[in-house]
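Undergrad: Below you will find the structure I want to go over with you.
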Amino acid sequence: PRAPPLLSPCGPRRRRARLCRSLAELLKLVIAQVVNGDKMKSSLNGMSQKLGDAEKAELKSALSTQEMTFVYPLLDATRFTVKPEKDTKVGEDEAWGISVTPKEGKEVKLYYDKKTNLLVKMSRKGMPPGGGGEVDEVTVFTDYKKVDGILTPMGMKVTHDGEKFMTGKVSDAKYMEKIDEKKFKTDD
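Structure follows, in structure tokens:
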């Protein structure tokens, strides 16, 4: 996901990523992003953030990528092209993989643990906070626990161009049964 502009003005890419990560650790940030068709909005701690064309494209791509992780949408050949990838190791474990290309968007590689068939790694081209061109973004998912009966990764590690970008740990999670339609208003 794209970092809000508030965190963007920070020197070269590596320094900027470290500063953004440090700010996020110090501050309690609430980032809300809504994509409703071609209409989108983003807010940081309740304050609306302006989205440029590049940010909108990245947000739309991130949404498509998230949808791919649910697997069942991949059955729709009119929306996605799926190809096998070579087996690989993720940490100490063997994983099988697929390459997914949405009709509109960039290729994403998804890797699943051979023993559990749980998603353990995702690789895609992404945009770092503050822009600066594309990066090879790799996310490794760990520590699966049941949340409302659904196995959910509670840990993740993200690298950009092979360098540590972000580590996340979910301390509490709950799936919503119903979402208020007002949450999807974009007021364009």
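Residue numbering for the sequence shown follows my numbering, starting at 36 and increasing by one per position.
Cβ atoms here follow ideal geometry from the backbone N, Cα and C, with glycine treated the same way.
1) Confirm, please, whether the CB-CB distance from residue 175 to residue 191 is below 9 Å.
2) Can you give the Cα-Cα distance for residue 83 and residue 70, rounded to whole angstroms?
3) Could you please give me the residues that DSSP links to residue 214 through a beta bridge?
4) Can you tell me which of the three DSSP states residue 100 falls into?
5) Cβ of residue 144 within 9 Å of Cβ of residue 129?
6) Determine the direct distance from the alpha carbon of residue 203 to that of residue 56, and round the result to whole angstroms.
7) Assign residue 158 to buried or exposed, taking buried as 16 or more other Cβ atoms, counted over all protein chains shown, within 10 Å of its Cβ.
8) Check whether the Cβ atoms of residue 96 and residue 161 sit closer than 9 Å, and answer yes or no.
9) Quick check on DSSP: helix, strand or coil for residue 207?
10) State the DSSP-derived secondary structure class of residue 164, mapped to helix, strand or coil.
11) State whether the stretch 181-190 contacts the stretch 198-212, with contact taken as three or more CB pairs (one from each stretch) at a distance under 8 Å.
12) Which of the three DSSP states is assigned to residue 130 in this structure?
13) When we look at the beta-carbon of residue 173 and count the other beta-carbons within 10 Å, is it buried (16 or more) or exposed?
14) Taking C-alpha atoms, which residue in 92, 124, 81, 65 lies nearest to residue 73?
15) Between the C-alpha atoms of residue 205 and residue 86, what's the straight-line distance to the nearest angstrom?
16) Within this structure, are the beta carbons of residue 221 and residue 76 separated by less than 9 Å?
17) Under 8 Å by Cβ, that's how I've got residue 155 and residue 147 pegged, so tell me the actual separation to the nearest angstrom.
18) In the DSSP assignment, what residue or residues form a beta bridge with residue 28?
19) So, is residue 218 buried or exposed, given that buried needs 16 or more other C-beta atoms within 10 angstroms?
TA: Let's see:
1) In this structure, residue 175 lies closer than 9 Å to residue 191 by Cβ.
2) 14 Å
3) None; residue 214 has no bridge partner.
4) helix
5) If you check the CB distance, residue 144 and residue 129 do not come in under 9 Å.
6) Unreliable positioning characterises residue 56 in this predicted model, as indicated by a pLDDT of 48, which lies under 50. A coordinate reading is not provided.
7) buried
8) yes
9) coil
10) DSSP places residue 164 in coil when its eight states are reduced to three.
11) yes
12) strand
13) buried
14) 92
15) 27 Å
16) yes
17) 7 Å
18) Shown here, the chain extends from 36 to 223; a query on residue 28 therefore has no answer.
19) exposed
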